[in-house]
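Step one of this worksheet: look at the structure below.
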Amino acid sequence: FGQVDPIEELSDLALEWGVHLHVDAAFGGFVLPFLDRSFAWDFSLPGVKSITIDPHKMGLATIPAGGLLFRSQECMNALETETHYLTKARQASLTGTRSGAAAAATYAVMMHLGREGFREMVGYCMDLTDHMVEGAKEIGVEPLIEPVMNVVALKVPEPSKVRERLMDRDWHVSITREPNRALRLILMGHMSHENVDLFLKDLKEVLSEFV
1 FGQVDPIEEL SDLALEWGVH LHVDAAFGGF VLPFLDRSFA WDFSLPGVKS
51 ITIDPHKMGL ATIPAGGLLF RSQECMNALE TETHYLTKAR QASLTGTRSG
101 AAAAATYAVM MHLGREGFRE MVGYCMDLTD HMVEGAKEIG VEPLIEPVMN
151 VVALKVPEPS KVRERLMDRD WHVSITREPN RALRLILMGH MSHENVDLFL
201 KDLKEVLSEF V
């Protein structure tokens, strides 16, 4: 839904109850640090113990490039297994033999773009998001909730059927299932304002069939 959970409050509860708080920032991890609006969601909160962040999403790296960050070595120790048959006695990796290409690609993208490059990219995606929301409202379609990130959920009648009609026009969009069904759109950097306008034009025509 393009939202941010109340991580600060959850952090306080995690400390109070002595539980491990994991933050799923697989998508937002490469968005939130570069927004004009700031959110408390990372290791700056003492209750946050681990974070998922996927470079292959908004980090623009190649698939697969998922990241799992821990506050302390203690979390890594819980994953360790003994490997007596290898040079290293213990390892904490979640996978075995794997290519290092994804890690190299992630490093290359981060070094190429830098903080300002990511900030510019996220700013452009948010501009597209605003354009999508404003344009949708002009044709009578409201967002399920005002987006914080570049993910938009649009309220439409019979979302599954609307999605099918959009796919007939080569728009491959997804739908949310819970708690409310809606069209789910992610505005990425390779898109343009023209793309958004063309989509809204087709969406308007499709919705006219459901009146």
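For the sequence shown, position 35 (counting from the first letter as 1) is numbered 35 according to the working numbering, and the numbering increases by one without interruption.
Even glycine gets a Cβ: it sits at the ideal position worked out from N, Cα and C.
message: Let me confirm a value: Arg184 is counted as buried when at least 16 other C-beta atoms fall within 10 Å, else exposed. Which label applies?
response: As a first step, residue 184 must be located in the sequence shown, where it is residue number 184. That one is buried.
- request: Look at Ile53 and Phe30 and say whether their C-beta atoms are less than 8 Å apart.
  value: The residue given as residue 53 occupies position 53 in the sequence shown. The residue given as residue 30 occupies position 30 in the sequence shown. The Cβ atoms of Ile53 and Phe30 sit closer than 8 Å to each other.
message: Could you check whether Gly59 and Thr129 sit closer than 8 Å to each other, using their CB atoms as the reference points?
response: Sequence index remark: in the sequence shown, residue 129 carries index 129 (1-based). Sequence index remark: in the sequence shown, residue 59 carries index 59 (1-based). Going by C-beta atoms, Thr129 is not nearer than 8 Å to Gly59.
field: Beta-carbon gap between Trp25 and Ile51 smaller than 8 Å
entry: The count along the sequence shown starts at 1 and reaches residue 25 at position 25. The count along the sequence shown starts at 1 and reaches residue 51 at position 51. Note on residue identity: the sequence assigns Ala, not Trp, to residue 25. Contact annotation: Ala25 and Ile51 have beta-carbon atoms nearer than 8 Å.
query: Do Val23 and Val48 have their C-beta atoms within less than 8 Å of each other?
result: Indexing the sequence shown from 1 puts residue 23 at position 23. Indexing the sequence shown from 1 puts residue 48 at position 48. Yes, they are a contact pair.
query: For Ser44, which three-state DSSP category applies?
result: In the sequence shown, residue 44 corresponds to position 44, counting from 1. Here Ser44 sits in coil by DSSP.
- request: Out of Val122, Glu8, Gly114, Lys57, state which residue places its alpha-carbon closest to the alpha-carbon of Leu233.
  value: Given that the chain is displayed from residue 1 to residue 211, the structure contains no residue 233 and the question cannot be resolved.
field: Own chain partners of Ser174 with C-beta closer than 7 Å, once the 5 adjacent residues on each side are dropped
entry: Translated into positions along the sequence shown, residue 174 becomes position 174. Correct list, in chain order: Arg184.
- prompt: Considering Ala14, what are the terminal residues of the alpha helix (DSSP H) in which it resides?
  reply: For the purposes of this step, residue 14 is taken as residue 14 along the sequence shown, with counting starting at 1. In this chain, the alpha helix (DSSP H) harbouring Ala14 covers 7 to 17.
- request: Closer than 8 Å by C-beta to Thr133: which residues in its own chain qualify, once you throw out the five before and the five after it? Chain order, please.
  value: Within the sequence shown, numbered from 1, the residue matching residue 133 stands at position 133. For the sequence presented, residue 133 should be read as Val rather than Thr. Contacts found: Pro143, Glu146, Pro147, Val152.
query: Closest to Asp12 by CA distance: which of His112, His172, Ala40, Phe199 is it?
result: One-based indexing of the sequence shown puts residue 12 at position 12. Answer by Cα proximity: Ala40.
field: DSSP three-state assignment for Asp24, whether helix, strand or coil
entry: Here residue 24 corresponds to residue number 24 of the sequence shown, with the count starting at 1. Correct three-state label for Asp24: strand.
- prompt: Since Asp202 and Arg177 are thought to touch, with beta carbons under 8 Å apart, how far apart are those beta carbons, to the nearest angstrom?
  reply: Counting from one through the sequence shown, the residue named residue 202 turns up at place 202. Counting from one through the sequence shown, the residue named residue 177 turns up at place 177. Between Arg177 and Asp202 the Cβ distance is about 23 Å, and since that is not below 8 Å, they are no contact.
message: Going by DSSP in three states, Val152 sits in which element: helix, strand or coil?
response: Sequence index remark: in the sequence shown, residue 152 carries index 152 (1-based). Here Val152 sits in strand by DSSP.
task: Pull up the DSSP beta-bridge partners for Ile53, would you.
output: Against the sequence shown, residue 53 aligns to sequence position 53. Looking at the DSSP assignment, Ile53 forms a beta bridge with Gly67.
query: Helix, strand or coil: how does DSSP classify Ser174 here?
result: Reading the sequence shown from its first residue, position 174 is the one you call residue 174. Three-state result, Ser174: strand.
query: Which value, in whole angstroms, describes the spacing of the CA atoms of Thr62 and Ala108?
result: By one-based count along the sequence shown, residue 62 stands at place 62. By one-based count along the sequence shown, residue 108 stands at place 108. Going from the Cα of Thr62 to the Cα of Ala108 covers about 11 Å.
task: Between the Cα of Asp197 and those of Glu120, Ile139, Phe43, spot the shortest distance and give me the residue it belongs to.
output: In the sequence shown, residue 197 corresponds to position 197, counting from 1. If we check each option's Cα against that of Asp197, Ile139 comes out closest.
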